[in-house]
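Following: one structure in structure tokens, then a few remarks.
There are 6 protein chains.
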Amino acid sequence: MRIHVVNPNATRSMTEKIGAAARAAASAGTTVVAADVPSAPVSIEGYYDGALAVPGLLAAIAAAEADGADAHVIACFDDTGLDAARSLADAPVIGIGEAACHMASLIGGRFSVVTTLSRSVPILEQNLVRSGLDGRCGRVRAAEVPVLALEDPRSDARARVAAAIAAAIAEDGAEAIVLGCAGMADLATTYAQEFGVPVVEGVSAAVRLAEALAGLGLRTSKAGGWARPRPKPGGFEGTAAAV
Amino acid sequence: MRIHVVNPNATRSMTEKIGAAARAAASAGTTVVAADVPSAPVSIEGYYDGALAVPGLLAAIAAAEADGADAHVIACFDDTGLDAARSLADAPVIGIGEAACHMASLIGGRFSVVTTLSRSVPILEQNLVRSGLDGRCGRVRAAEVPVLALEDPRSDARARVAAAIAAAIAEDGAEAIVLGCAGMADLATTYAQEFGVPVVEGVSAAVRLAEALAGLGLRTSKAGGWARPRPKPGGFEGTAAAV
Amino acid sequence: MRIHVVNPNATRSMTEKIGAAARAAASAGTTVVAADVPSAPVSIEGYYDGALAVPGLLAAIAAAEADGADAHVIACFDDTGLDAARSLADAPVIGIGEAACHMASLIGGRFSVVTTLSRSVPILEQNLVRSGLDGRCGRVRAAEVPVLALEDPRSDARARVAAAIAAAIAEDGAEAIVLGCAGMADLATTYAQEFGVPVVEGVSAAVRLAEALAGLGLRTSKAGGWARPRPKPGGFEGTAAAV
Amino acid sequence: MRIHVVNPNATRSMTEKIGAAARAAASAGTTVVAADVPSAPVSIEGYYDGALAVPGLLAAIAAAEADGADAHVIACFDDTGLDAARSLADAPVIGIGEAACHMASLIGGRFSVVTTLSRSVPILEQNLVRSGLDGRCGRVRAAEVPVLALEDPRSDARARVAAAIAAAIAEDGAEAIVLGCAGMADLATTYAQEFGVPVVEGVSAAVRLAEALAGLGLRTSKAGGWARPRPKPGGFEGTAAAV
Amino acid sequence: MRIHVVNPNATRSMTEKIGAAARAAASAGTTVVAADVPSAPVSIEGYYDGALAVPGLLAAIAAAEADGADAHVIACFDDTGLDAARSLADAPVIGIGEAACHMASLIGGRFSVVTTLSRSVPILEQNLVRSGLDGRCGRVRAAEVPVLALEDPRSDARARVAAAIAAAIAEDGAEAIVLGCAGMADLATTYAQEFGVPVVEGVSAAVRLAEALAGLGLRTSKAGGWARPRPKPGGFEGTAAAV
Amino acid sequence: MRIHVVNPNATRSMTEKIGAAARAAASAGTTVVAADVPSAPVSIEGYYDGALAVPGLLAAIAAAEADGADAHVIACFDDTGLDAARSLADAPVIGIGEAACHMASLIGGRFSVVTTLSRSVPILEQNLVRSGLDGRCGRVRAAEVPVLALEDPRSDARARVAAAIAAAIAEDGAEAIVLGCAGMADLATTYAQEFGVPVVEGVSAAVRLAEALAGLGLRTSKAGGWARPRPKPGGFEGTAAAV
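Residue numbers (numbering that gives the first Met the number 0), protein chains in the order written: chain C, 0 to 242; chain G, 0 to 242; chain L, 0 to 242; chain S, 0 to 242; chain A, 0 to 242; chain H, 0 to 242.
Set out below in structure tokens:
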């Protein structure tokens, strides 16, 4: 099985961390192909960055689809461009944000999400409403850590995330924690041991969900909003692949 | 007052129709500047088309903001790129979809939306949840008319829309109708007379709401998800204006 | 355009302040006719006061409707008697509470309301559910200030309202503030400057929305709950005008 | 125990039917005092009629409260003036609409309401949201029967109500039926036998609930929205009793 | 009238307290038959205990139904086995949890529940969603008191419950308090006097509601999810009575 | 990896079909141990049957947990006893109903469920509310087929299920179908080909989800409602294993 994991920003070091997390989570027999989007911002911090990343992301989805990917993972916790990607693909497409929240809801009655910046909180809240899991989420909390600070071992990023986890358990009644950024993919085990509750990380959750869907032979429905893009006069439809 | 009305697709004839509707609705003293997005698809029919239109739309917003627009109107009923545009702008930004639904909720206890294609229905349903007006909406109905068929006087588009309106009144208990496509901007009066209920069209509704917000001196809050984009290492932030 | 602004209590000084706010907000060419309801309580503080105010309010609506008002504004933040007034009128009727919340939702992702007394909180919460905007509201907060204390420069009313605004920003994540009493109509600019977020006041918001609706030619739908009152045996229907 | 049952309209024959239903439902030892509101419309058909009935209704509540009523029942299915009445009374106040729906939810997983006119449907839908029972209600259906037609044995009112009940069972999955008008108080048993599902009528349900609350010593909380009306400068508070 | 009150645990002293509370609340002419479930755990603290109690509880319901009970009360605040019991019975079945919350919603605009252990909180939250009363509930609070500590006068159970009530009033805006355990049946009056808001206890509330339903002749609908159990090949249906 | 799949009824032929479906879905390296509950009813058709099945089911969970199962699957679409089983187990526990709905929500914007009997519909509706996926579900439809008729090749069960699927696509806008009974485990491929939309079956979905959770090292949180059962005076806690 081939799983295409696309980091929708342009930071190669994040792609490498994401790829490593994906490969560590994948079953034997699964090939992970990790890619990033060179035309995208170096990090996705809010609606604007996400919107600029999508055309390149869609081109990556189209290319991997043509290469025979069995499933796609969008490795930004905002689930950037997820609906558009599903329109483009026949294979299943999973966002790491929704993946982590679905998984968390199966092992915790209530979970809280700890993300980077407060500007991302409404995006994640809207995604939770969209998936239906908002009622299972205690609160989306921001650690107020820029995405790339997670890449910098000298920053206080890890301590800030830990403080937000502690608050989620104490104040939200969180029974499980969801780490709300792909850049936190290497921290789940540490926090799980520190806090004694399950900690779910999106990249690994999405890879496993993608394997599950592809293994069941399930493909994205084309019967509704995720129907294939309509051809346009002037051939616009092919544009994404050319970005 | 200067209101920037941007048609986020590349079809000039739609821009002209939208501009005319906007000018007809505007108060004395308001200047309407209508534009389109040449880099966008010729019509926005579903998630994929919408995603591709956004970077060019954001560049248009940035340019108009720099030119001193008092408010922006996004003239696609999907409210394409609305959150990202609000991040970029200090002036108010109004989508014609939300504008029509807010207005309809003030003169009808329950309204239904009649849009073009069924693939757009989930987009509009999600937007209604986002604005909070889903509980006021009886149903989002698709007339199964491609967007550009509305531009073609020989098509049966108008009859199909009329049939959907009739069904909305009979089956949904709709007390008002919202026309769910910028390409229907010239049809509201005709349908209102034919069906005897208020018919709300988005371009005119949005222009009036934009005037209202700008007239009150209200500007987009920068305190949450619509905070200005963060500068990126390598200067990515300026990219949209260069698309 | 003629807009009828009715203060549904009997306090003339509030009517004057409301009328001034309405005129300051109105466009050139709009005539504001401000009135109050002499048969009503001197202030509306809770369900009981509101219920007693309604028959006189309806008589005022009926009279202004007969005089050719293009729209009506009910200038109590409780939106007192709004549904009944809409039944009676063909012209649009806007409550200042709903008007402010609709406007705030367009320039802030989340807003909080600051009202006078805690007994009014459930009324405003119910109105938010009714309009659908409850999901956009962080919290309805009471400053614990009687309505008429706002008229008294020696009271600590302004400081109490400011404290509630500060709490809304810090604790609710409010990106915009809605002032929840017609008696606060003159305070919006001051607080906006003090707190750096948009502050929406209902009288001006409602006047602008009323202009927008009337300018669009939209009238209250008679197809559902706002159908005209049924004539009664014995001619009861005319009673309101005689109160 | 003394239960004050107030028909908030001016039709004496309805009051007599309501009083008979109340007495038939009451326990041994309960005295039912039935009254109507001479200053109100002859029937309550929509928001406007309801609003005009409230001041006289409140005066009736105040008088009965002073006379030592142990509980009050508002015998209009719209629960006309319920919140204002609760502000005025220390004894429990029950609306027949909410009473019937609470009871129906205890013996049927899903119930539908059959009321008189479609203009009343949004009122009842809002009341269901208010009580929280909307999720338990399949649909509020109008039989399109004017209230006073129920008093006229020559009308087809009973057949129309029966047709709506049949539709509720077949289409809504209703396991129980709520009769949505005080004027239907004498029909519950007939319909229950005809349709083989429980049929709940509001007057009897409310009398029994009122007995239950009063028997438990429960009184209306004064800690929130139902706090006693504030005294007004000029003594307005006493006005209701004088209407 | 005969009301069957079943304590679904095996602790006889709780049954006696429950029986006393039920008899104190019952009307003249009502016979209360209190029973417990010897095969059940000694207390119900969480999902697991509840699940083990149900077969014996259902046998008790079946036996009392055969003995001609006019209504059944399930005297655990978790409303243990309520849907299954309703399938088995024609007479009304009331859980003390739902009973208390329905009653509280009629005399308080917002109520909070104070229960024993935090592990029971999600059960009660789910029940509130099921009844529809979750929107009326400020918060379900745990006093962190084991059920049987309420039976022990030397424990600090009463003080802990009082502290939770105080917090509910101060922080949740609770206008009424619901005591969330059958073992608190004797404490309602004390707390009501101490805190000055209505305090609702489930056993008495359920007995009164059961009287009300039975007095109205209402029986559990067999038209939906509460249809009688289907006979099984091999006669399994009778098993419950044999537990 | 060892996955314990428990059919909570007593019908061995269903267990064999379920076991075959589970093994067909499992990855290489996964051992499926399928079991049934001899003390349970022969089929679970409604609340009552489900309640009687749970103690034996819990004993099976406890035994498999002691035997070192890496995950448990409850193979009844009602997710019978799921919360209690999660309290008992440290390994993840997945119900086939929730599993199928989570999976369907990832490949279809809206799905409908087709189950056996209408008495099961409210159970499934409540489970959807519990998981949060109710907003993603068009409708839960009953084919009116008894569970064991699915085992009988002469019955018209398959045609009835097909008719319900057709209705779901036409009337509910379902983009994917969920088969709502473990006894339909062998029918998914056939229906997917016949109807051209994804068809999700619960046993295979749950096995794959269980593998995913166990593979990620996620275990059931003990921090909230799924805390381990409290020891009881008299040692009741061990009872389930002895049933």
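Backbone N, C-alpha and C fix where the C-beta goes; we use that ideal spot for every residue, glycine too.
Identify which residue in the options has its Cα closest to the Cα of residue i.
| i | options | result |
| --- | --- | --- |
| Ile168/G | Arg140/G, Glu150/G, Gly179/G and Arg153/G | Arg140/G |
| Glu174/C | Ala27/H, Gly201/H and Trp225/H | Trp225/H |
| Ala21/G | Pro230/G, Gly96/G and Gly201/G | Gly201/G |
| Arg85/L | Gly67/G, Ser104/G and Ile95/G | Ser104/G |
| Ala19/C | Val128/C, Asp171/C, Ala33/C and Leu132/C | Ala33/C |
| Asp77/A | Met0/A, Arg109/A, Thr219/A and Val177/A | Val177/A |
| Val198/H | Ala61/H, Val112/H and Gly172/H | Val112/H |
| Gln192/A | Arg218/S, Pro228/S, Ala209/S and Ser203/S | Arg218/S |
| Pro232/C | Pro152/G, Ala163/G, Ala39/G and Gly134/G | Ala39/G |
| Gly107/L | Arg11/L, Val196/L, Ala213/L and Ala204/L | Val196/L |
| Met13/C | Asp35/C, Ala23/C and Ala24/C | Asp35/C |
Which residues of chain C have a Cβ atom closer than 8 Å to the Cβ of residue i, listed in chain order?
| i | result |
| --- | --- |
| Met183/H | Within 8 Å Cβ-Cβ: nothing; Met183/H doesn't reach chain C, min ~15 Å. |
To the nearest whole angstrom, what separates the beta carbons of residue i and residue j, a pair I think is in contact under 8 Å?
| i | j | result |
| --- | --- | --- |
| Ala166/S | Arg207/A | Actually they are not in contact, since the Cβ atoms of Ala166/S and Arg207/A sit about 34 Å apart, beyond 8 Å. |
| Ala61/H | Leu87/H | 6 Å |
| Asp69/G | Arg135/G | Rounded, the Cβ-Cβ distance is 29 Å, inconsistent with contact. |
| Ser26/A | Leu215/S | Not confirmed; about 11 Å, so no contact. |
| Ile93/H | Ala209/H | 5 Å |
Residues bridged to residue i by DSSP?
| i | result |
| --- | --- |
| Gly94/A | Ile73/A |
| Cys136/A | Phe110/A |
| Glu64/H | In DSSP, Glu64/H forms no bridge with anything. |
| Ala211/S | Paired residues: none, contrary to the question. |
| Leu178/A | Val113/A and Glu200/A |
| Val5/S | Ala34/S and Ile73/S |
| Ala141/L | Thr114/L |
Which residues in chain A have a C-beta closer than 9 Å to the C-beta of residue i? List them in chain order.
| i | result |
| --- | --- |
| Ile122/H | Asp82 and Gly224 |
I want to verify the contact list: residues of chain H whose CB lies under 7 Å from the CB of residue i, in sequence order.
| i | result |
| --- | --- |
| Glu44/A | Arg229 |
| Glu174/C | Ser220, Ala222 and Gly223 |
| Ala209/A | Within chain H, no residue comes near Ala209/A; the closest Cβ sits about 20 Å away, beyond 7 Å. |
Quick one: does the C-beta of residue i sit closer than 7 Å to a heavy atom of the ligand MN?
| i | result |
| --- | --- |
| Arg157/S | With respect to the ligand MN, the structure offers nothing, as it holds no ligand at all. |
Given that residue i touches chain C, what residues does it touch there, using C-beta distances under 7 Å?
| i | result |
| --- | --- |
| Met13/H | By Cβ distance, chain C contributes nothing, its closest Cβ being about 21 Å from Met13/H, past 7 Å. |
| Ala59/G | Going along chain C, no residue has its Cβ under 7 Å from Ala59/G, so there is no contact; the nearest lies around 13 Å. |
So which residues of chain G does residue i contact, with C-beta pairs closer than 9 Å?
| i | result |
| --- | --- |
| Arg129/C | Gln125 and Val128 |
Note down, in chain order, every chain G residue with its Cβ under 8 Å from the Cβ of residue i.
| i | result |
| --- | --- |
| Leu149/C | Chain G residues near Leu149/C: none, gap ~15 Å exceeds 8 Å. |
Give me the chain A residues within the contact set of residue i, using Cβ-Cβ distance strictly less than 7 Å, ordered along the chain.
| i | result |
| --- | --- |
| Thr179/S | Checking the sequence, you will find Gly at residue 179/S rather than Thr. None at all; the shortest Cβ gap to chain A is about 17 Å. |
| Arg135/S | Gly131 |
Residue i touches chain L at which residues, Cβ-Cβ below 8 Å?
| i | result |
| --- | --- |
| Pro91/G | Leu105 and Ile106 |
Given that residue i touches chain H, what residues does it touch there, using C-beta distances under 8 Å?
| i | result |
| --- | --- |
| His3/C | Correct list: empty, because the minimum Cβ distance to chain H is about 16 Å. |
For the segment 79-95 of chain H against the segment 135-146 of chain H, are there 3 or more C-beta pairs whose distance is under 8 Å? no
Using 8 Å as the cut-off, can you tell me whether the segment 170-190 of chain H makes contact with the segment 176-193 of chain C, which would need three or more C-beta pairs spanning the two stretches below that distance? no
Closer than 8 Å is the cut-off here; do at least three beta carbon pairs connect the segment 32-45 of chain C with the segment 109-125 of chain C? yes
Taking one C-beta from the segment 4-13 of chain L and one from the segment 66-78 of chain L each time, how about it: are there three or more such pairs within less than 8 Å? yes
May I ask you to verify whether the segment 93-104 of chain S touches the segment 122-134 of chain S, counting CB pairs closer than 8 Å and requiring at least 3? yes
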